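J.: Each residue of the sequence shown is one higher than the one before, starting from 1 at the first, in the UniProt record's numbering. For glycine and all other residues, C-beta sits at the position ideal for the given N, C-alpha and C. Fair warning: this is a prediction, and the values are worked out from it, not measured in the lab.
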Amino acid sequence: MTFAAPIAEQLFVLKHITGIDALAQHGRFADATADVVQAIVEGIGEFAANEFAPLNRIGDVVGARLIDGKVVMPDGFVAAYQSYVANGWGSINAPSEFGGQGLPFSMATVALDSLGAANMAFALCPILSVGAIEAINHHGSDAQKAAYLPKLSTAEWSGTMNLTEPQAGSDVGALRATATPLGDGRYQIRGQKIYISFGDHDMVENIVHLVLARTPDAPAGTKGISLFLVPKYQLTADGGIGKANDIKVVSIEHKMGINASPTCVLAFGEEGECVGELIGPEFGGMRAMFTMMNNARLNVGLQGVQIAEAATQKAIAFAQERVQSAKAGGTSRDPVAIIEHPDVRRMLLRMKAGTQAIRALLYFASGYVDRAALGEAGAREMVDLLTPLAKTYGTDLGSEIASLGIQVHGGMGFIEETGAAQYYRDIRIAAIYEGTNGIQAADLVGRKLGMEGGDVIRRHVQAIAADAKECASLATVAGACAEVTEWMLGASVDDRLAGSYAYTQMMAVATSGWLMLRQLRAAQAEQAASGSNAFLTGKIIACRYYLDVMVPEALALKNSAMAGSELLYALDAEGMAA
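1) Taking all protein chains shown into account, do 16 or more other C-beta atoms lie within 10 angstroms of the C-beta of Ile196, making it buried, or fewer, making it exposed?
2) Out of Ala478, Ala420, Ala491, point me to the one whose CA is closest to Gly446's CA.
3) Is residue 583 near Ile189, with beta carbons less than 8 Å apart?
4) Note the first and the last residue of the continuous beta strand (DSSP E) segment covering Met562.
5) If I measure Cβ to Cβ from Arg544 and keep anything under 8 Å in the same chain, skipping five residues before and after, which residues do I get?
6) Would you check if the distance between the CB atom of Ala123 and the CB atom of Gln192 is smaller than 8 Å?
7) For Val383, which three-state DSSP category applies?
8) So, does the segment 51 to 61 touch the segment 253 to 272, judging by three or more C-beta pairs under 8 Å?
9) Would you mind working out which of Val344, Asp370, Gly43 sits nearest Leu23, comparing C-alpha positions?
10) In the DSSP assignment, find the beta strand (DSSP E) that holds Ile415 and state where it starts and stops.
11) Between the Cα of Gln422 and the Cα atoms of Ser403, Trp487, Gly394, which residue gives the shortest distance?
12) Measure the Cβ-Cβ separation of Tyr233 and Gly224 and say whether it is below 8 Å.
13) Contact between the segment 99 to 119 and the segment 158 to 167: three or more CB pairs below 8 Å?
14) How should Ala502 be labelled, buried or exposed, when 16 other C-beta atoms within 10 angstroms of its C-beta is the threshold for buried?
15) DSSP has Lys70 in a bridge; who is on the other side?
16) With 16 other CB atoms within 10 Å as the buried threshold, where does Ala310 fall?
17) Kindly give me the distance between the Cβ atoms of Leu302 and Asp113, rounded to whole angstroms, as I take these residues to be in contact under 8 Å.
18) Look up Cys264 in the DSSP assignment and say whether it is helix, strand or coil.
19) Please list the terminal residues of the continuous beta strand (DSSP E) segment that includes Pro181.
20) In this structure, does DSSP put Val204 in helix, strand or coil?
21) Can you list the beta strand (DSSP E) stretches of 3 or more residues lying completely in the segment 233 to 321, in chain order?
22) Kindly indicate which three-state DSSP category Gly538 falls into: helix, strand or coil?
23) So what's Met161 in DSSP terms, helix, strand or just coil?
24) What residues are listed by DSSP as bridge partners for Gln405?
25) Check whether the segment 345 to 361 touches the segment 504 to 524, counting contact only when three or more Cβ pairs, one atom from each stretch, lie closer than 8 Å.
26) What runs of the beta strand (DSSP E), each 3 residues or longer, lie entirely inside the segment 503 to 554?
27) Compare the beta carbon distance of Glu434 and Met293 with 8 Å and say whether it is the shorter of the two.
28) Can you tell me which of the three DSSP states Ser83 falls into?
29) Which residues in the same chain as Gln407 place their Cβ atom closer than 8 Å to its Cβ, once the five residues preceding and following it in sequence are excluded?
30) Restricting to Cα atoms, I'd like to know which of Ala80, Lys314, Leu235 is closest to His409.
31) Given this structure, state the Cα-to-Cα distance separating Phe29 from Ala135, to the nearest angstrom.
32) How many Å lie between Val336 and Val344 at the Cα?
33) Do Ala48 and His201 have their beta-carbon atoms positioned less than 8 Å apart in this structure?
34) With 16 as the cutoff for other CB atoms within 10 Å, does Val305 come out buried or exposed?
35) I'd like the ranges of any alpha helix (DSSP H) spanning at least 4 consecutive residues and lying wholly in the segment 22 to 51.
36) If you measure between the beta carbons of Ile427 and Ser399, is that distance less than 8 Å?
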């Protein structure tokens with residue numbers, strides 16, 4: 001099977017869910033005209049298929065390697081990345097004043113959708129650089145922006161996030177890395193960081209590490225954390241590459257998947273000078289890092305879309321080619337392609353509908369990122385609300401779809417040569433990094449639920465319910481979400497957290513269902529105006545399947561969402577282990 005970007009689908013969702021035409025009416029995004037949007041979607045789709053997709057297999061089998069203290073990428077990766085830079089794909093929504101194209105975040109979302117579906121591990125590198133650009137642009141000094149953003153904006157340099165330490169995973173406040181003032185405005189950085197994606201590689205001449213660390217006498221916990229810009233190579237006075245910082249790659253992890261993404265253990269300043277610069281105010285590290293993480297969480301949710309798309313394409317192609325058994329109930333006893341069997345059809349349609357639902361959710365959220373950047377009232381609150389839904393549901397459903405892809409392949413799906421298993425291995429990390437899905441659910445009920453006294457989430461649920469009056473399944477789920485919302489607002493912290501994951505799933509399904517309903521109407525209108533075609537027919541059936549079959553499943557989560565925490569603590573730790 002040859003991967004092909006879902007260009008017609010992407011353009012349809014951009015138009016009807018993201019509202020790209022409305023965004024282009026604003027002066028800031030005036031360059032996002034219909035012809036430019038189409039050219040970008042088609043161009044990045046072709047690039048992803050021709051440059052990134054052929055490297056997916058070697059990236060998985062060979063992977064990134066640590067050789068003489070340096071990370072070496074598999075054959076073909078350096079050339080493909082250089083082509084990515086030369087074609088300007090890394091600069092789509094980077095700031096125009098620093099050499100980027102200044103286009104909407106929505107367009108960068110589409111680009112990453114295609115790149116990651118072609119090669120998820122490879123596309124992790126651009127995701128991290130996007131986050132670094134965000135953090136420096138929002139919190140860096142003018143000098144830092146001038147020194148680092150031009151090369152990051154063109155993707156000539158890449159960026160990383162450095163939060164996790166051996167004793168400080170989700171508990172970021174437990175980190176111990178230190179930053180000691182050198183007396184000239186710079187700091188000596190010391191400490192070890194783990195799980196650093198693309199912490200080292202040979203595709204760029206410099207890597208810009210954003211590192212959380214503590215200054216001397218800093219308060220305990222997250223209040224004492226600051227953010228530092230620590231380049232692999234220090235810059236000369238004229239902005240060129242200078243001497244190397246003491247950043248040692250201790251090891252790279254041997255992982256279940258995303259083998260082409262080097263996950264590094266990095267040691268800063270343990271054997272020599274490692275100089276960094278403070279980004280933003282001292283003790284402002286968490287605020288600055290969350291600027292980087294928030295959009296990164298949406299991009300991780302998008303990885304669910306990427307893998308779902310690739311797994312669905314592969315499964316459909318296999319099901320069309322694999323001949324097994326006569327169709328039950330048919331008049332002929334000749335074997336048929338397995339796509340003719342009802343249960344295979346069930347799996348494929350669930351994969352197709354689920355992929356379209358989470359794509360709509362992620363593109364919807366990306367549109368609100370752009371509206372928030374424009375200062376539109378209520379947009380920032382919608383980004384805050386949608387982020388945990390998109391990250392959690394996107395990655396969970398992406399994992400389910402990858403698993404179904406293996407099932408469609410049968411025994412061959414369990415054999416690595418088919419490539420179906422790689423999608424499942426690659427996507428499994430996405431529910432863990434950038435804040436586990438349990439943490440996303442806790443964020444929803446701990447921070448986002450209480451926005452404006454609960455009115456932000458109430459308005460969202462009310463909008464879904466008002467638009468779903470003729471769709472019984474969605475209206476019923478929206479009503480259940482409203483009921484659970486009110487229960488959550490009055491529940492204890494433990495009871496809210498006990499039901500947080502189920503509630504997050506319910507809200508995500510209701511939101512995705514709403515977006516599929518909107519697409520159903522748009523597809524039907526286009527069909528009525530211009531006649532039927534394969535894409536519109538497929539869109540209508542996928543929307544109907546999601547609304548009729550997948551949305552009602554969310555009702556089963558209501559009891560779990562409102563069950564409370566008592567039973568969870570009925571067993572003590574010893575009893576749980578008995």
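T.: Put simply:
1) Looking at its Cβ environment, which holds 16 or more other Cβ atoms inside 10 Å, Ile196 is buried.
2) Ala491
3) Outside the displayed span of the chain (1 to 578) sits residue 583, for which this structure offers no information.
4) For Met562, there is no enclosing beta strand (DSSP E), as DSSP marks it with neither H nor E.
5) Leu520
6) Cβ atoms of Ala123 and Gln192: not closer than 8 Å.
7) helix
8) yes
9) Asp370
10) Bounds of any beta strand (DSSP E) do not take in Ile415, whose DSSP letter is neither H nor E.
11) It is Ser403 whose Cα lies nearest to the Cα of Gln422.
12) Cβ distance not < 8 Å, so Tyr233 and Gly224 don't count as in contact.
13) The segment 99 to 119, when compared against the segment 158 to 167, does not touch it at the 8 Å Cβ threshold.
14) By the 10 Å Cβ count, Ala502 comes out buried.
15) Ile67
16) Ala310 should be labelled buried.
17) 6 Å
18) strand
19) 178 to 181
20) coil
21) 233 to 235, 241 to 244, 247 to 252, 263 to 268, 275 to 279
22) helix
23) strand
24) Here the sequence assigns Gly to residue 405, which means Gln is not the residue at that position. Per DSSP, none; premise fails for Gly405.
25) yes
26) none
27) yes
28) helix
29) Met347, Gly413
30) Lys314
31) Taking the straight line from one Cα to the other gives about 21 Å.
32) Distance between the alpha carbons of Val336 and Val344: 12 Å.
33) Their beta carbons are not under 8 Å apart, which means His201 does not touch Ala48 by this criterion.
34) buried
35) 34 to 47
36) yes
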